[in-house]
Every structure is written in C-alpha cells, then in structure tokens.
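Using our numbering, count along the sequence shown one by one with no gaps and you end on 127.
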Amino acid sequence: MEFFDNVKKEGHIEPWKCTKSVKLGDKFYIHLGGNSIKEKGIIATGTVVSESYIDIEEDGLVADLQIEKIFDKPVLKFKQGMYQVQGSCARLREEIIEEIEKAIELSLAENI
C-alpha cells in the first residue's frame, strides 16, 4: 500500500509499524523508497502522538503518527546506512537528523 492511499492531508493520524525505541513526542520522517512507483525520498514529517502498542491487524508493534508536513516532492533520498530498521519507525543518529533538517529547510526556502 502506498503512503498516500491513507494519508491525504496534514494533521492526519496514521498507525505505523515501529520498534520499542519510538516514544510519544518523537519527531519522525516518512521516507518513500524500495519499489515505490513514485520518486524516492522524505515525503512527510510529523510527531509520534501515542506510545507504541500491539496492533493485531498490523501483526505487531505500532505507534500513531500525526502528519505535520507533506512535501510536494521528496526532500532527501536516504543513503544506505542512514537508518537502522527498514520498513518501520526507528531512531536515527543525531547527525542524520541534522542532515535531514538542513535538506528540509533548503527545500522549503526554494519553494518560497
């Protein structure tokens, strides 16, 4: 399922598979990659708005993510090793977060 099948607008809350390290209040980045038919890269950001919980439909641990920003085009394509767990929520290293935030700022400045 593609991300935008469920998420249509900013403010939307979406359950997302995650690890135990994901906590209420964490910032997140949605990266579209793999076999996606769309352009790859960070397509949305937001905040984790629940503690993780078991979801039977997802067959595992999820957390609710509130989408705060959806980008018109992907901001930054992840390089191998930038993230720890493919296909789920996981903590990023601080230097990776800084790189992402700089790319987002640049992208937003270009769209002004």
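Beta carbons: idealized from backbone N, C-alpha and C, even for Gly.
Residues bridged to residue 63 [DSSP beta-bridge criterion]: Here residue 63 is taken as the residue at index 48 of the sequence shown, counted from 1. Paired residues: 80.
Under 8 Å between C-beta atoms of residue 55 and residue 30: On the sequence shown, position 40 is the one that residue 55 refers to. On the sequence shown, position 15 is the one that residue 30 refers to. Not a contact, by the Cβ cut-off of 8 Å.
Cα-Cα separation, residue 38 to residue 125: Taking the sequence shown and counting its residues from 1, one reaches residue 38 at position 23. Taking the sequence shown and counting its residues from 1, one reaches residue 125 at position 110. Residue 38 and residue 125: Cα-Cα distance of roughly 32 Å.
Residues sharing a beta bridge with residue 75, DSSP: For the purposes of this step, residue 75 is identified with residue 60 of the sequence shown, where counting begins at 1. Looking at the DSSP assignment, residue 75 forms a beta bridge with 70.
Environment of residue 101 [buried if 16+ CB atoms lie within 10 Å]: Taking the first residue of the sequence shown as 1, we reach residue 101 at position 86. Bear in mind that the predicted position of residue 101 carries a pLDDT of just 49, short of 50, making it unreliable; the figure below should be weighed with that in mind. Exposed is the call here.
Rounded straight-line distance, which links the Cα of residue 83 to that of residue 91: If you number the sequence shown from 1, residue 91 lands on position 76. If you number the sequence shown from 1, residue 83 lands on position 68. Distance between the alpha carbons of residue 91 and residue 83 is about 17 Å.
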